[in-house]
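Student: For the sequence shown, the UniProt record's numbering assigns the number 517 to the last residue and increments by one with no breaks. Don't be surprised by glycine CBs; every beta carbon is placed ideally from N, CA and C.
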Amino acid sequence: QLPLALILSTLLAWIAWLATAGRMSFTWEINLGIAAREFEVFCQPLLNTRNNECTGVEILLRWNNPRQGWISPDVFIPIAEDHNLIIPLTRYVINETVRNLAVFPPDHHFHIGINVAASHLRRGLLLKDLNRYWFDTNPIQQLVVELTERDALDDIDYRLVRELHRKGIKLAIDDFGTGNSSLSWLEKLRPDVLKIDKAFTGAIGTDAVNSTVTDIIIALGQRLNIELVAEGVETEQQATYLRQHNVLLLQGYLYARPMPLAEFPLWLAQRTPL
Ligand code: C2E
Ligand code: CA
Ligand code: CA
Ligand code: CA
């Protein structure tokens with residue numbers, strides 16, 4: 244008779260092997276996707292509440308995998324981050340954006356936000372990549388690097404951020420309010436932009452606790468003179484509230500869903516003012 248423990252441990256080892264095999268093949272899929280240029284960059288407009296104009300975009304990655312169909316970035320980005328693939332993917336995004344800069348207004352104040360993993364910055368590679376893939380083409384528009392607050396920001400060397408600032412790059416903190424850090428990085432990193440997470444935008448008028456957090460984030464941004472972007476704006480009620488509270492930029496389905504870069508000029512031309 245086989246001891247139960249042996250059966251169990253064999254079973255566990257087998258499950259672990261299957262899981263690893265599954266993940267391995269997914270990272271292989273990502274590698275393949277990069278090589279075959281299956282990823283596409285989309286952009287979502289940011290609306291300025293002062294002049295009612297679109298004064299920037301966020302670049303968002305899309306993957307139409309010919310073997311599995313559309314895969315959400317919420318699925319493949321975390322896996323890419325865990326398997327050293329986020330840097331090649333980000334290079335891809337930067338390259339594709341640079342290649343298509345002509346779709347955006349040739350304006351120094353036009354923001355182009357790119358999502359970057361803190362590990363990319365932390366290892367000192369981001370600046371090298373930007374020199375190589377962004378600055379070499381002398382883009383006119385303003386580059387904004389978005390770092391998510393859910394990544395540990397406390398241990399980022401502030402000198403790396405000073406370097407970005409010296410190059411004229413702005414730093415935005417994404418998903419602000421969802422991290423569990425002590426905010427000690429605020430003083431050190433001196434971000435130019437705080438992006439209010441859509442959970443807090445969604446709470447306006449519906450959830451007392453979270454909408455109080457929204458108010459506190461707005462107050463914080465204003466006291467520290469940091470530009471505010473509200474993401475996930477879906478209703479007129481939210482937009483009105485944010486405008487009344489002097490949030491500078493609004494982003495969300497109320498204005499536009501993320502779209503292929505090629506569609507942006509037409510969207511801009513046909514856009515009905517706020
Ligand atoms: P994020 O950076 O917070 O991006 C905003 C997400 O909110 C996007 O989801 C966008 O499509 C979605 N969104 C915009 N407006 C609304 C709205 O009104 N309502 C709702 N419910 N959602 C809205 P998406 O494109 O699926 O991306 C998910 C996340 O994946 C991003 O969150 C970001 O963390 C990551 N991601 C996407 N593209 C990239 C990329 O190129 N590089 C990196 N590192 N991460 C990326
Ligand atoms: Ca973002
Ligand atoms: Ca966000
Ligand atoms: Ca998010």
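To test your reading of the DSSP string, which unbroken alpha helix (DSSP H) runs of 4 or more residues are found completely within the region 466-516?
Tutor: Here the runs fully enclosed are 479-487, 507-513.
Student: Between Thr292 and Val490, how many whole angstroms is the CB-CB distance? I'm expecting something under 8 angstroms.
Tutor: The residue you call residue 292 lines up with position 49 of the sequence shown. The residue you call residue 490 lines up with position 247 of the sequence shown. Right, their Cβ atoms sit about 7 angstroms apart.
Student: Could you have a look at Leu396 and say whether DSSP puts it in helix, strand or coil?
Tutor: For the purposes of this step, residue 396 is taken as the residue at position 153 of the sequence shown. DSSP places Leu396 in coil when its eight states are reduced to three.
Student: I need the straight-line Cα distance from Asp317 to Gln487, nearest angstrom please.
Tutor: By one-based count along the sequence shown, residue 317 stands at place 74. By one-based count along the sequence shown, residue 487 stands at place 244. Approximately 32 angstroms between the Cα atoms of the pair.
Student: So is Asn358 buried or exposed if we call it buried at 16+ other beta carbons inside 10 Å?
Tutor: Indexing the sequence shown from 1 puts residue 358 at position 115. The residue in question, Asn358, is buried, as its Cβ has 16 or more Cβ neighbours within 10 Å.
Student: Regarding Asn358 and ligand 1, is the C-beta to nearest heavy atom distance less than 6 angstroms?
Tutor: Against the sequence shown, residue 358 aligns to sequence position 115. True, at least one ligand heavy atom lies under 6 angstroms from that Cβ.
Student: Going straight from the alpha carbon of Met502 to that of Ile302, what length do you get?
Tutor: Numbered from 1 along the sequence shown, position 259 holds the residue referred to as residue 502. Numbered from 1 along the sequence shown, position 59 holds the residue referred to as residue 302. Using only the alpha carbons, I get a separation of about 9 angstroms.
Student: Contact check, Pro382 vs Leu414 under 8 angstroms by CB: the rounded distance?
Tutor: For the purposes of this step, residue 382 is identified with residue 139 of the sequence shown, where counting begins at 1. For the purposes of this step, residue 414 is identified with residue 171 of the sequence shown, where counting begins at 1. Incorrect: roughly 17 angstroms between the Cβ atoms, too far for contact.
Student: Out of Lys431, Leu463, Ile447, Ser362, state which residue places its alpha-carbon closest to the alpha-carbon of Val476.
Tutor: Position 233 of the sequence shown, counted from the first residue, corresponds to residue 476. Of Lys431, Leu463, Ile447, Ser362, the residue nearest in Cα terms is Ile447.
Student: Measuring only from the beta carbon, is Leu303 closer than 6 angstroms to any heavy atom that is part of ligand 1?
Tutor: The residue you call residue 303 lines up with position 60 of the sequence shown. Leu303: yes, Cβ under 6 angstroms from ligand 1.
Student: Taking the beta strand (DSSP E) that Phe282 falls in, what are its first and last residues?
Tutor: Translated into the one-based positions of the sequence shown, residue 282 becomes position 39. Segment 282-291, the beta strand (DSSP E) holding Phe282.
Student: Take Ala361 and list the residues in its own chain whose beta-carbon comes closer than 6 angstroms to its own, dropping the five residues that flank it on each side.
Tutor: Position 118 of the sequence shown holds residue 361. Only Leu390, Asp394 meet the Cβ criterion.
Student: Within the continuous alpha helix (DSSP H) that includes Leu414, where are the two ends?
Tutor: Taking the sequence shown and counting its residues from 1, the one referred to as residue 414 is at position 171. Per DSSP, Leu414 belongs to no alpha helix (DSSP H); it is in the beta strand (DSSP E), 413-419.
Student: For His326, which residues does DSSP report across the bridge?
Tutor: Residue 326 sits at position 83 when you count from the first residue of the sequence shown. Answer is none; His326 lacks a bridge partner.
Student: Considering only DSSP beta bridges, list what Val359 is partnered with.
Tutor: Here the question's residue 359 lines up with position 116 in the sequence shown. Val359 pairs with nothing; no bridge assigned.
Student: When DSSP labels each residue in this structure, what does Glu339 get in the three-state scheme?
Tutor: Residue mapping note: residue 339 aligns to position 96 of the sequence shown, counting from 1. Note: Glu339 maps to helix in three-state DSSP.
Student: Could you give the distance in angstroms between the alpha-carbon of residue 190 and the alpha-carbon of Glu479?
Tutor: What the structure shows of the chain is the stretch from 244 to 517, and residue 190 is not part of that stretch, so it cannot be assessed.
Student: DSSP three-state call for Gly367: helix, strand or coil?
Tutor: In the sequence shown, the residue the question calls residue 367 occupies position 124. In this structure, Gly367 counts as coil in the three-state DSSP scheme.
Student: Would you mind reading off the limits of the beta strand (DSSP E) that contains Trp313?
Tutor: As a first step, residue 313 must be located in the sequence shown, where it is residue number 70. Note, Trp313: beta strand (DSSP E), 312-314.
Student: Tell me, which residues are paired with Glu301 by DSSP?
Tutor: Within the sequence shown, the letter at position 58 stands for residue 301. According to DSSP, which records beta bridges pairwise, Glu301 is partnered with Gln287, Gly356.
Student: Is the closest heavy atom of ligand 2 to the C-beta of Asp417 under 6 angstroms?
Tutor: Numbered from 1 along the sequence shown, position 174 holds the residue referred to as residue 417. Yes, the beta carbon of Asp417 sits closer than 6 angstroms to at least one heavy atom of ligand 2.
Student: Leaving out the 5 sequence neighbours to the left and right, which residues in its chain are closer than 8 angstroms to Glu406 when beta-carbon positions are compared?
Tutor: Taking the sequence shown and counting its residues from 1, one reaches residue 406 at position 163. Contacts found: Leu370.
Student: Hey, quick one: how far does the alpha helix (DSSP H) through Val346 stretch, first residue to last?
Tutor: Working through the sequence shown from its first residue, we reach residue 346 at position 103. Per DSSP, Val346 belongs to no alpha helix (DSSP H) and is neither H nor E.
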